[in-house]
Amino acid sequence: MLFLITLLHNLPTLFLAQYTPFLTDEDFINATKINLDERLDPEITKQDYFEGDITNENLQPLAGTDTDALKNSVNLLSLTWPDGIVPYVLEGPYTWKERAHLAAAVQAIENKTCVKFIPRESNETDYILIVSRQMECSSFVGRRGGQQLLNLYHGCFDHRTILHELLHVLGFYHEHNRFDRDKYVTIIEENIIDRDKLQFLKIEERKSHLWTLYDYDSILHYNSTAFSKNNKETIIPKNKNKMIGVRMKLSLYDISKINKLYCTESTRARMLAEELLDKVTTLEADSNTLNEAVDSCKNELQTRIDEMSRKMAILEHKLMNIAMERRACRMFLPTRTIRTSRASRCRWQRWPRGSQR
C-alpha cells in the first residue's frame, strides 16, 4: 500500500522531471516561491527514509573496536572539502519543485557560510552525485574521494531533510552522538532496533563539537522516536521544554559549526595540528611495535649466539684433547715398528730409513 501511495505521489516526476545536471537560475528563482516550512505528507514518508541516513558502512570504520570512538565533525583536513568548495552533479530526474527545494537548501548554507556548491568541472575528481536511485535519504560524511553518492529519493524533498543531508556531506554527524550527550538527553536502549544501535555511538571528545553547546535545535538532531522498534521514545531531552528533530531550518549553532570547520584560519590550523598529532600518535604506536619486534629479535639472536658459543666451547675442548693426545703419541712413538694400537688413538709406524720426523 505504501509503495502504491509513493508511486502515485511521484507520477508527476515521470512527466515533469528535468534532467539538467546542475541547478539553474530558474531553480533558484523557484526556490523563492515554495514554502520551506512545508512538511511532506506523513503517509508518504511513513517508512521514514530519513532514518539511518548514516549507514553502518559509514560508522563502523570510524568506530573500530572502541565503541566510544566516533568522530562527530570530520576534523581531518583530507576529509573536508578544500576551501569549502563542493563540486556536484545532479542526476535526478527531479521535478521543478524538488529542484527548487534543493536550490533553497544550497542557498541557505551559502548565504550564512563560506561554503559553495558548484557545478563539477570535468577535471574535478572529487564530487557528489545527487541521485534518486534508492528509497532513502542518505549521504557519506565528509569528502570520501572520487564520486560519492548523495541519495535524495522523492520522499526526501522538504527543507529540513535536504539541509540535514548536505551537512553530512560537509562532514558532520548527528547531534545525539556527541560525547557529552548524556548531560542533555537520555537514550532508551531497550526501545532501539538492535541493528541500529550503532547509530547511538558516542563521539570522541577531542573531535566532536567545535566548541559549541549541545544543540536541541540542530538540523542534525533526530526526533524522540528515531530508530524505535516499538514506536516508543528512544531519545528524551532532559530539558522538558525542548523539542527535538522538528526544526526546519539551520540553527545558529549549525551555522557556527560550519563556519568554524571551513571558514576560519584558526580552526584549520587546529585541525592541521590535530591531524599531525594523530600521525605522531600512530608513529609512536608503530615505533613501539617496531621496538618490541627489535627487542624480540635481539633476544632470539642472543639465544642463538649463546648456543653457538656453548657448542664452540665443547668443540674446542674436544680439539684440544685430540691435539694433546697426538702430542703424547709423538713423544713415545717407536722408530722401528709399524703397528696400530686398538687400545689407543696413537698410530704406531716405522719410519723409513733416512727419513726425518
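FYI, the numbering for the sequence shown is -17 to -1, 1 to 340, going by mature numbering (1 follows the signal peptide of the UniProt record, and there is no 0). Glycine included, each C-beta is placed from N, C-alpha and C at the ideal position. Computed from a prediction, not measured in an experiment: that's the story for all the values here.
Per DSSP, the unbroken beta strand (DSSP E) holding S122 starts and ends at C120 to S122.
Under the three-state reduction of DSSP, I241 is assigned to helix. About 23 Å separates the CB atoms of E158 and Y136; that is not less than 8 Å, and the two are not in contact. The three-state reading of DSSP puts I113 in strand, counting E and B together. The beta-carbon separation of L184 and N160, rounded to 6 Å, stays under the 8 Å limit for a contact. CA-to-CA, the gap between S121 and A88 works out to about 16 Å. Within a 10 Å sphere around the beta-carbon of F5 sit fewer than 16 other beta-carbons, which makes this residue exposed. For P220 and N206, the gap between their C-alpha atoms comes out near 10 Å. Taken through DSSP and simplified to helix, strand or coil, V263 comes out as helix. T286 carries a helical assignment under DSSP once its states are collapsed to helix, strand and coil. By the neighbour-count criterion, in which a residue is buried when 16 or more other Cβ atoms sit within 10 angstroms of its Cβ, H84 is buried. Here the stretch 97 to 113 makes no contact with the stretch 160 to 175; the two share fewer than three CB pairs at distances below 8 Å.
One Cα belongs to R293, the other to E308, and the distance between them is close to 23 Å. Comparing C-alpha distances from D179 to each of M303, T217 and G129 shows the shortest one belongs to T217.
C-alpha of Y199 to C-alpha of E148: approximately 18 Å in a straight line. Positions of the beta strand (DSSP E) runs, each at least 3 residues long and wholly inside the stretch 159 to 195, are given as 168 to 170 in order along the chain. If you draw a 10 Å sphere on the C-beta of V98, you find 16 or more other C-beta atoms in it, and that means buried. Counting along the chain, the unbroken beta strand (DSSP E) around K99 starts and ends at K99 to P102. Note on geometry: alpha-carbon atoms of I101 and N18 lie some 24 Å from one another.
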